[in-house]
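In terms of numbering that gives the first Met the number 0, the sequence shown opens at residue 0 and continues consecutively.
The beta-carbon is built from N, C-alpha and C at its ideal position, and this holds for glycine as well.
Please read all numbers here as calculations on a predicted model, not as lab measurements.
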Amino acid sequence: MAPYLGLFLESEGFSAAEIGQLTGLLMATKVIAPNVWGLIADRTQKRLLLIRLGAFLTLVSYLGFFFAESFWYYALMIIAFSFFWNAILAQFEVITLHNLGADVDRYSLVRVWGSIGFVVVVIALGYIFEERGVGLFPIALLIIMSGIALSTCMRFDEPVAQQGHEISHSLSEDLKRNRAYLFFVICFLLQFSHAAYYSYFSLYMEQLGYDKLSIGIFWALGVIAEVALFFVMHHWHRKHAVPLIMGIALLFSALRWAMIAGASEYVLVLVIAQLLHAFSFGAMHAVSIRFVHEHFHAKNQGRAQALYSSLGFGLGGFVGAFVIAALVEESGYANLFWISSLIVCFALFVLSLFWTSFVRDHKVR
């Protein structure tokens, strides 16, 4: 949705500030929805049922897009369908990690298929929109969401909650141990920095003279790099500590935003910047999922993964989107990416605050 939502909204007559605000609403639902559904999932242990319900309610809610005209109608529709969509993603992670068992290092080899699908869709839609117009965006997304909803009807094994006699730990106790709450601060800052990318990258590229197919290819390049990294990520997990991988990912993220801000008119520089998506999203997401899985106890997994989604992708993206929406008309697109680079530098400082305790004991189970 991210590569073409801004272009579609622009074609509907919305200003840059309004586009940023509507994009921010996608992030806002991530603050609440994952935590609500995570609590229900941990209490009921019916994760697959909730995923199926969420997928179909997402599809039904999305149908309202075909009748949207005003800013407030679009806002209402975005809140409705994204509430259900954002709620189910964290539960996918719990189910995946549960079924991987002792092979949790291989998570990236499962996650890679979502990235491959993204590449295929983005390039295909870039070609279609260039030939037929971005007005086809709602129909294209409806087809994709219908496929997702139908795929949840396939037969899956329901994960069974682990039984045992381990000492009970509350979610707050897990958060305090080794100052793990700082991990969520880092996630917040990183996703804050991504707000300029998700809201305005396509519009920035269009302003620089790139056509829609080229913009789609630039988006796809980032995910292709992400795919390549996912194929080797399980080896990195076995050789390097979580905070080291996290630090490298943050360093390359800061560099990426600086390159987009300062030299996007040069295709080679832009290509390299997009390849760094392998670190700013791929490596960081994989290592974060692993950290949450290992640091938080079994009975807290649903809420912990939901917290990662809501505080990072949700609150970070939401606050970031609204801040940059307020700045974009005065600052311009390039300066937004300079700001993003500085924010990631601050995230590196936060990582240094709990590096020692994090390295010493980032596994508890």
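For residue i and residue j, what's the separation of their Cα atoms in angstroms?
| i | j | result |
| --- | --- | --- |
| L52 | I87 | 9 angstroms |
| A40 | T95 | 14 angstroms |
| G5 | S198 | 6 angstroms |
| V241 | S351 | 13 angstroms |
| M26 | I127 | 27 angstroms |
| P137 | F64 | 7 angstroms |
| A89 | G281 | 16 angstroms |
| G208 | R178 | 46 angstroms |
| A260 | V270 | 13 angstroms |
| D210 | W256 | 21 angstroms |
| S81 | L243 | 33 angstroms |
| E205 | Y3 | 12 angstroms |
| L275 | A224 | 7 angstroms |
| P33 | V59 | 19 angstroms |
| L141 | A54 | 12 angstroms |
| A15 | I78 | 19 angstroms |
| L314 | G100 | 30 angstroms |
| E17 | A324 | 7 angstroms |
| M245 | A285 | 10 angstroms |
Let me know if residue i comes out buried or exposed under the rule of 16 or more other beta-carbons within 10 Å of its beta-carbon.
| i | result |
| --- | --- |
| G146 | exposed |
| W71 | exposed |
| F66 | exposed |
| F348 | exposed |
| R377 | Residue 377 falls outside the range modelled here, since the chain spans only 0 to 364, and no answer is possible. |
| Y106 | buried |
| S192 | buried |
| G23 | buried |
| N98 | exposed |
| S171 | exposed |
| G221 | buried |
| H239 | exposed |
| Y196 | buried |
Contact defined as beta carbons within less than 8 angstroms: I believe residue i pairs with residue j. What is the distance between those atoms, to the nearest angstrom?
| i | j | result |
| --- | --- | --- |
| F7 | V133 | 5 angstroms |
| R110 | F217 | Rounded, the Cβ-Cβ distance is 22 angstroms, inconsistent with contact. |
| C186 | Y332 | Wrong, their Cβ atoms sit about 25 angstroms apart, outside the cutoff. |
| Y203 | S263 | 7 angstroms |
| L212 | A346 | Between A346 and L212 the Cβ distance is about 34 angstroms, and since that is not below 8 angstroms, they are no contact. |
| G116 | I214 | That belief does not hold up - the Cβ atoms of G116 and I214 are roughly 19 angstroms apart, past 8 angstroms. |
Residue i CB to nearest chain C CB: under 7 angstroms?
| i | result |
| --- | --- |
| R51 | Any reference to chain C falls outside this structure, which holds one protein chain only. |
Checklist entry - Residue ranges of each alpha helix (DSSP H) run of no fewer than 4 residues wholly in the stretch 322–352, ordered along the chain? => result 332–352
Next on the checklist: My parser needs the alpha helix (DSSP H) runs of 4 or more residues fully inside the stretch 253–294; what are they?
Outcome noted: 266–274 and 283–294
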